[in-house]
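Chemist: So that we are looking at the same thing, I have put the structure below in structure tokens.
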Amino acid sequence: EAQVTQNPRYLITVTGKKLTVTCSQNMNHEYMSWYRQDPGLGLRQIYYSMNVEVTDKGDVPEGYKVSRKEKRNFPLILESPSPNQTSLYFCASSLGAGAGYEQYFGPGTRLTVT
Amino acid sequence: KNQVEQSPQSLIILEGKNCTLQCNYTVSPFSNLRWYKQDTGRGPVSLTIMTFSENTKSNGRYTATLDADTKQSSLHITASQLSDSASYICVVSYSGGYNKLIFGAGTRLAVHP
Chain A
10 EAQVTQNPRY
20 LITVTGKKLT
30 VTCSQNMNHE
40 YMSWYRQDPG
50 LGLRQIYYSM
60 NVEVTDKGDV
70 PEGYKVSRKE
80 KRNFPLILES
90 PSPNQTSLYF
100 CASSLGAGAG
110 YEQYFGPGTR
120 LTVT
Chain B
252 KNQVEQSPQS
262 LIILEGKNCT
272 LQCNYTVSPF
282 SNLRWYKQDT
292 GRGPVSLTIM
302 TFSENTKSNG
312 RYTATLDADT
322 KQSSLHITAS
332 QLSDSASYIC
342 VVSYSGGYNK
352 LIFGAGTRLA
362 VHP
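Chain order of the listed sequences is A and B. Count the first sequence with the numbering used here and you get residues 10 to 123, in order. Count the second sequence with the numbering used here and you get residues 252 to 364, in order.
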């Protein structure tokens, strides 16, 4: 089944403890992206990747890191999480980077930082 | 500033009734507009995509309209079902070189029996 998977689905952590949220897609998509969703706001892009070893900042990159060493994986790293990073996170992928390509979203990771 | 605004924020209707959700955008240059459905606890799933030249597009009981002149779109749901309870998100792509999406905050629809 074609899909985007994220792990973990739920995570509660403490301020400053490094964590990684994994994202994997099995559709051979070139483009991958991370978003955060907060109440009353639209999804906001954190980072995106056009292809392997090519990443760039989105609208809200502060406090996050990403890497794209393999085409299928795009982990999101929080080196020192803070309470304002408590949010619902979505990974997405699309066949290409152009606006006409549909982005397929993972199931989400709900992160709570205390 | 590129923005997408949706109304209403939330809506409650009875099963079997119709409803219309609104989306206004200021994104430029415009590439396309999608409506996504997001079930609780799930990622968004695309319902329709509309380009500049398209006025109407249907997907089953969902019909999206686009007025590129006034920069408005609507999503009409016919004969609503309990499974239509979800958030509906309007997403506009602009021709910024890559797949840059501007998301609306969504309309939360609840269909009651």
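Glycine is no exception: its CB is placed at the ideal position from the N, C-alpha and C atoms.
Kindly list, in the order they appear in chain B, the residues whose Cβ is closer than 8 Å to that of residue 83 of chain A.
Modeler: Per Cβ cutoff of 8 Å: no residues; residue 83 of chain A is ~14 Å from chain B at best.
Chemist: Taking contact to mean 3 or more Cβ pairs, one atom from each stretch, closer than 8 Å, check whether the segment 30-39 of chain A and the segment 83-90 of chain A are in contact.
Modeler: yes
Chemist: Under a three-way DSSP split, which group does residue 335 of chain B fall into?
Modeler: helix
Chemist: Please return the same chain residues whose Cβ sits closer than 6 Å to the Cβ of residue 299 of chain B, not counting the five positions on each side in sequence.
Modeler: 286, 308, 310, 315
Chemist: Listing by chain order, which chain B residues have their CB less than 8 Å from the CB of residue 5 of chain A?
Modeler: The question about residue 5 of chain A has no answer, for chain A in this structure spans 10 to 123.
Chemist: Could you tell me the alpha carbon to alpha carbon distance between residue 318 of chain B and residue 306 of chain B, rounded to whole angstroms?
Modeler: 6 Å
Chemist: Using a C-beta to C-beta distance shorter than 7 Å, which residues of chain B count as neighbours of residue 52 of chain A?
Modeler: 354
Chemist: Let me confirm a value: residue 351 of chain B is counted as buried when at least 16 other C-beta atoms fall within 10 Å, else exposed. Which label applies?
Modeler: buried
Chemist: Between residue 112 of chain A and chain B, is any beta-carbon pair separated by less than 9 Å?
Modeler: yes
Chemist: Cα-Cα, which of B:260, B:256, B:267 is closest to residue 330 of chain B?
Modeler: B:267
Chemist: Have a look at residue 288 of chain B and residue 360 of chain B and give me their C-alpha separation to the nearest angstrom.
Modeler: The straight-line gap from Cα to Cα measures roughly 10 Å.
Chemist: Taking the alpha-carbon of residue 11 of chain A as reference, which of A:119, A:94, A:115 has the nearest alpha-carbon?
Modeler: Nearest option by C-alpha distance: A:115.
Chemist: Compute the Euclidean distance between the alpha carbons of residue 341 of chain B and residue 25 of chain A, then round it to the nearest angstrom.
Modeler: 35 Å
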